[in-house]
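*Asks:* For the sequence shown, numbering that gives the first Met the number 0 begins at 0 and goes up steadily by one. The beta carbon of each residue, even a glycine, is placed where N, CA and C say it ideally should be.
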Amino acid sequence: MEQKQFKAESKRLLDMMIHSIYTHKEIFLRELISNASDAIDKLYFKSLTDDKVGLAKDDFAIWISADKDSRTLKITDNGIGMTAEELENNLGTIANSGSLKFKTENKLDEDNQIIGQFGVGFYSAFMVAKKVTVITKAYGSDVAYRWESEGVDGYTISEDDKASVGTEIILELLEDTEDEKYSEFLDTYRIKGLITKYSDYIRFPIKMEVTHSRPMELSEEDKEAGKSPEYEDYIEIETLNSMVPLWKKSKSELKEEDYKHFYTEKFYDYNEPLKYSHVVNEGVPSYNALLYIPSKAPYDFYSKEFEKGLQLYSNGVLIMDKCADLLPDYFCFVRGLVDSEDLSLNISREMLQHDRQLKVIAKSIEKTVSSELKKMLKNDRENYEKFWKEFGVQLKFGVYSGYGMNKDKLQDLLLFTSSQDKLVTLDEYVTAMPEEQKYIYYATGESTARIEQLPQTELVKDKGFEILYLTDNVDEFAIKMLMNYKEKEFKNVSSEDLGIEDTEKQEELKAKEEENADMLSAMADSLGESVTKVVLSKRLKSHPVCLSSEGEITLEMEKVLNSMPGDQKVKAQRVLEINPEHEIFGKLTAASSDSEKLAKYAKLLYTQALLIEGMPVENPVEFSNLICELM
């Protein structure tokens, strides 16, 4: 028997395909089942106009059988089969496909989709098999053929005595190694798992003879003697796939329970989703999608280990378990799947990144998610606030990342805790602003309780203006990126100009500051590089002292940035503010002639200001000694 060489591609291409195109060896079963489904599709299509086929739709099936003794796995179908010429063309030429040609020539509609193609996918069998045998008989042919190959060295074709129409693929599996256990693909449980994972929605039944055990019936005498029953094996034919994807069913025939049950089963979540969306897009490209917003964040959601992505199917066949390219990072909490007949089944992760159709689908998915979140915010506030508690930080990161390029998409989805003890949107805040209020005020801190006690909030609160409380590390960075909302600028309560100061009092303060300029300068000198300057405060009312900052880096940003890994530390330009209306100011002026005592007061007040801000005390021993000394 003559050994033939592969026509179109070299041994190197086959080797590259096996080791590079597919990352996971287990997908070989998906590819071979998809090819079998194609073959059945072709014969089924022919049966619609040719009574000689003699098979109804329910007669078609794919069979799987495994023999551990001979280490062989068989995939059998009763599809259209192949002639010797088709074997030569389809299997002798790597990546050549007869399916695409068949689909084009017969102008197949949506009910007759060819999901895979003989070609690259078929050769994935060599990832697990040392020898592949294809026995096939074409519809309308009197002769069957056997195709055999052990990989890159070539193949042989000979006649065979197969009686029925269809194709049988026999894989002789590679021997197990320390790193690879090929025998796992002979295990019934493993085979069933792979079919559920990759081929559950193939529209023809995938059947397998499965061995079960059952107790044998005991005689009355044995029962009385208390004997345990012996077990006997029996064979049952099981259908391993469900065949009809939920997302391809009509929305009218599905209930809310169906969608929720699918989610908990498919994505192994104990909690029902907060929201779901069933998308049927008939444009170009066409796709179906099921999108879910979980009610709880995964335990690793905010860690580097978390892997985002939607399941990606090509006409019911799983291409990728987590396709990251379908979701922007700020919507990475979404779970679900996308199924498109316009995507090639034989496509690698690298090729997907450059697929134009995938990018169009991703844009559409992004719009759908955004729309669903806005609907939930408007019509189901209680659930939206639950969502926000779990995933709100991710949207804030979305505002900040990419230099704010997505802020316009996300700003109306943001929620903030406010001084009115509730969550508010930016729109709600601005709408409720009094006419005389110029800015959107915010304060930062590690908790709302800490912010409530900040001296800097007093003046704004006394005016009756609402304050946004920013407690997440990313908050102030996101606000800086937004800059303004509906022409209202954001203003930190620690800012120098709050736009609410009394003009007359400001003049008085300026005069008092000039009068005490030497004292304030001496205090600043005694604090060295700890502060940029010491000033009299126009924002403090009951508190004696506070810290503010100048420049782009605020005190809260300093804390956040310095908590990150790395040796490079940043420092805000700190300003120590003294309340001129507080009795402590009188103590300072009285001590102004005693430079040593004034320096001690300055250090004491500065350390108090650090504690108020929740910042580390630079010299706790000195602080303790100063308190004792001055007491």
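Could you tell me which uninterrupted beta strand (DSSP E) segments, each at least 3 residues in length, are contained entirely in the segment 439-476, listed from first to last along the chain?
*Replies:* 439-443 and 466-469
*Asks:* Give the DSSP-derived three-state secondary structure of H542 in the structure shown.
*Replies:* coil
*Asks:* Which word fits L325, buried or exposed, when buried means at least 16 other C-beta atoms lie within 10 angstroms of its C-beta?
*Replies:* L325 is buried by the Cβ-count criterion.
*Asks:* May I ask you to report which of helix, strand or coil DSSP gives Q410?
*Replies:* helix
*Asks:* Cβ of L245 within 9 Å of Cβ of F266?
*Replies:* no
*Asks:* Output needed for E488: all residues of its chain with C-beta closer than 6 Å, excluding positions within five of it in sequence on either side, in chain order.
*Replies:* Y438
*Asks:* Excluding sequence positions up to five away, which residues of its chain have a Cβ less than 6 Å from the Cβ of E109?
*Replies:* Reliability fails at E109, whose pLDDT of 45 lies under 50, so the model's placement of it is uncertain and the value that follows must be treated cautiously. Taken in chain order, the list of residues that qualify is empty.
*Asks:* The alpha helix (DSSP H) with N515 in it runs from where to where?
*Replies:* Unbroken run through N515: none, as it is neither H nor E.
*Asks:* DSSP state of H581, grouped into three classes?
*Replies:* coil
*Asks:* By Cβ distance below 6 Å, which residues in the same chain neighbour L604 in space, the five residues on each side in sequence not counted?
*Replies:* Result list for L604: V544, in chain order.
*Asks:* My output table needs one value for Y484: the three-state DSSP class, helix, strand or coil.
*Replies:* strand
*Asks:* Straight-line CA distance for K633 to I26?
*Replies:* Here the chain has residues from 0 to 630 only, and residue 633 is not among them.
*Asks:* Which stretch, first to last residue, makes up the beta strand (DSSP E) that contains R70?
*Replies:* Unbroken run through R70: none, as it is neither H nor E.
*Asks:* Tell me, please, which residues DSSP counts as bridged to W146.
*Replies:* V133 and I156
*Asks:* Alpha carbons only, please: which of M614, K532, V337 and F332 is nearest the one belonging to Q393?
*Replies:* The residue with the shortest Cα to Cα distance from Q393 is F332.
*Asks:* Would you give the residue range spanned by the alpha helix (DSSP H) that Y319 belongs to?
*Replies:* Sequence inspection shows Met at residue 319; the Tyr mentioned does not correspond to that position. Judged by DSSP secondary structure, M319 falls outside any alpha helix (DSSP H) and instead within the beta strand (DSSP E) spanning V316 to C322.
*Asks:* In terms of DSSP beta bridges, what is E549 paired with?
*Replies:* Q572
*Asks:* Heavy atom of the ligand MN less than 8 Å from the Cβ of K362, yes or no?
*Replies:* With respect to small molecules bound, the structure shown includes none, and the ligand MN cannot be examined in it.
*Asks:* Given this structure, state the Cα-to-Cα distance separating L469 from Q505, to the nearest angstrom.
*Replies:* 29 Å
*Asks:* Report the partner residues of V278 according to the DSSP bridge assignment.
*Replies:* Beta-bridge pairing links V278 to A288.
*Asks:* Measuring only the C-alpha atoms, how far is S157 from D320?
*Replies:* 39 Å
*Asks:* Would I364 and L309 qualify as a contact pair, given that the criterion is a beta-carbon distance under 9 Å?
*Replies:* Yes, the Cβ-Cβ distance between I364 and L309 is below 9 Å.
*Asks:* Using a 10 Å radius around the Cβ and a threshold of 16 neighbouring Cβ atoms, would you call C627 buried or exposed?
*Replies:* With fewer than 16 other Cβ atoms within 10 Å, it is exposed.
*Asks:* For the segment 457-475 against the segment 418-437, do three or more pairs of beta-carbon atoms, one drawn from each stretch, fall closer than 8 Å, so that the two count as touching?
*Replies:* yes
*Asks:* Quick check on DSSP: helix, strand or coil for F203?
*Replies:* coil
*Asks:* How many angstroms separate the CA atom of A224 from the CA atom of S212?
*Replies:* 23 Å
*Asks:* Nearest to A361 by alpha carbon, out of L336, E264, T166 and K191?
*Replies:* Ranking the options by Cα distance to A361, first place goes to L336.
*Asks:* Taking 9 Å as the cut-off, decide whether the C-beta atoms of K406 and M522 are in contact.
*Replies:* no
*Asks:* Classify T531 as helix, strand or coil using the three-state DSSP reduction.
*Replies:* coil
*Asks:* I'd like to know whether the C-beta atoms of V80 and F59 end up nearer to each other than 9 Å.
*Replies:* At residue 80 the sequence reads Gly, which differs from the Val that was named. F59 is positioned such that its CB atom lies no closer than 9 Å to that of G80.
*Asks:* Please list the segments of the alpha helix (DSSP H) lying wholly inside the segment 413-440, counting only runs of 4 or more residues, in order along the chain.
*Replies:* For the segment 413-440, the continuous alpha helix (DSSP H) assignments of 4+ residues that do not extend past its boundaries occur at 425-431, in sequence order.
*Asks:* Just curious, the beta strand (DSSP E) that L172 is in, first and last residue?
*Replies:* First-last of the beta strand (DSSP E) with L172: G165 to L172.
*Asks:* To the nearest angstrom, report how far apart Q116 and S33 are at their CA atoms.
*Replies:* Reliability fails at Q116, whose pLDDT of 43 lies under 50, so the model's placement of it is uncertain and the value that follows must be treated cautiously. The straight-line gap from Cα to Cα measures roughly 8 Å.
*Asks:* In this structure, how does DSSP classify I234 when only helix, strand and coil are distinguished?
*Replies:* Of the three classes helix, strand and coil, the one that applies to I234 here is strand, per DSSP.
*Asks:* Assuming contact is defined by CB atoms lying nearer than 9 Å, are V279 and D341 in contact in what I supplied?
*Replies:* no
*Asks:* Can you tell which of K485, P619, K540 and E255 has its C-alpha closest to the C-alpha of E580?
*Replies:* K540
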